[in-house]
Amino acid sequence: MVRFVNHLAVGFAAVKEVTGNMLGDKKVTVVFVLGGPGSGKGTQCANIVEHFGFTHLSAGDLLRAEIKSGSENGTMIESMIKEGKIVPSEVTIKLLQEAIITSANDKFLIDGFPRNKENRAAFENVTNISPAFVLFFDCSEEEMEKRLLGRNQGRVDDNIETIRKRFKVFIESSLPVIEYYNGKAKVKKIDAAKPIPEVFEDVKAIFAPYAPNAA
Ligand code: UDP
Ligand code: MG
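Using the working numbering, the first residue of the sequence shown is number 57, and each one after it goes up by one.
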């Protein structure tokens, strides 16, 4: 299956065609999970997967896997991540799109994407997918900084210098995306500064319509 997709995903036009064909009849539900670095997106996505049967697509994890795979873009992606910069849309969108196409599931959490206006517009244009809603984890920088410096995941960007850059990019580039969807009444905002189980209580209320037994 992966080989099949790689074979067809030679260029953007081809990818679009594949999506058109493969997603044309398949109704896909996508939720964008956004929030600053360290706001708890990954943690809560794992909970949502477990309770509501979504597939978790972390854009950051897909990019890190791409570095590890030794792809020709790996060096470029790595230096962007080290600098807290946003990787070119076509790279991230290709990874997301392949993951959606190869999955048997039809419900996806897209975590950490779109990060800027260009990411958002390009994803819409290429995939024709608009999100059911945007889950926004709202958290103070002070709390996020504490969490990022406290976790030990060996990430090249969890140092104070890169963290400051990521905060700046989040405010300048990513918050406007959240504002855009807010203007479309699509944002569901969560107080993400609370302990993990309390945040998940609020998340659960939002996902109730997607519960396995909900009509
Ligand atoms: N990144 C990117 N585009 C994306 C998602 C991530 O360029 O759509 C890069 C960016 O450099 C970011 C890093 O990957 O700072 C880590 O992203 P991730 O979502 O894993 O972490 P977060 O900053 O949200 O904690
Ligand atoms: Mg993450």
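Note that CB positions come from ideal geometry on N, CA and C, so glycine has one too. Since the model is a prediction, treat every value here as computed from it, not as a measurement.
From the DSSP secondary-structure annotation, give me the bridge partner or partners of residue i.
i, result
"K163", "T85"
"V190", "F88 and V243"
"L113", "I166"
If you run the structure through DSSP and keep just helix, strand and coil, what is residue i?
i, result
"V143", "coil"
"T75", "Below a pLDDT of 50, predicted positions are generally treated as unreliable, and T75, at 44, falls in that range; the measurement from the model is reported next regardless. Three-state result, T75: helix."
"K173", "helix"
"S125", "coil"
"I252", "helix"
"A267", "coil"
"C276", "The requested residue 276 is not part of the displayed model; the chain covers only 57 to 271."
"E257", "helix"
"G206", "helix"
"I262", "helix"
"S135", "helix"
"R211", "coil"
"G94", "coil"
"F108", "helix"
"N184", "coil"
"S230", "helix"
I'd like to check one pair, residue j with residue i: are the Cβ atoms closer than 8 Å?
i, j, result
"G140", "D213", "yes"
"K244", "I216", "no"
"L165", "F223", "no"
"I123", "I133", "yes"
"A160", "L118", "no"
"L204", "P93", "yes"
"I252", "T158", "no"
If contacts are defined as beta-carbon pairs under 8 Å, then residue i and residue j qualify, I think. What distance do you get, rounded to the angstrom?
i, j, result
"F193", "S125", "The Cβ separation is near 29 Å, so there is no contact."
"V86", "I185", "5 Å"
"I227", "L90", "Incorrect: roughly 13 Å between the Cβ atoms, too far for contact."
"S114", "D167", "4 Å"
"S127", "N172", "The Cβ separation is near 22 Å, so there is no contact."
"V225", "I142", "7 Å"
"F189", "K250", "The Cβ separation is near 20 Å, so there is no contact."
Which one of the options has the shortest CA to CA distance from residue i?
i, options, result
"P265", "Y236, G130, Q100 and I104", "I104"
"N175", "T158, F256 and L152", "L152"
"N269", "K97, T218 and F108", "F108"
"T218", "A249, N208, V190 and E201", "E201"
"A178", "S145, K260 and Q100", "S145"
"E257", "E180, N208, C101 and P170", "C101"
"L231", "N208, H112, V84 and P170", "P170"
"E180", "K260, A267, E106 and Y237", "Y237"
"A267", "K83, V84, E106 and K97", "E106"
"C195", "R207, A121 and K97", "K97"
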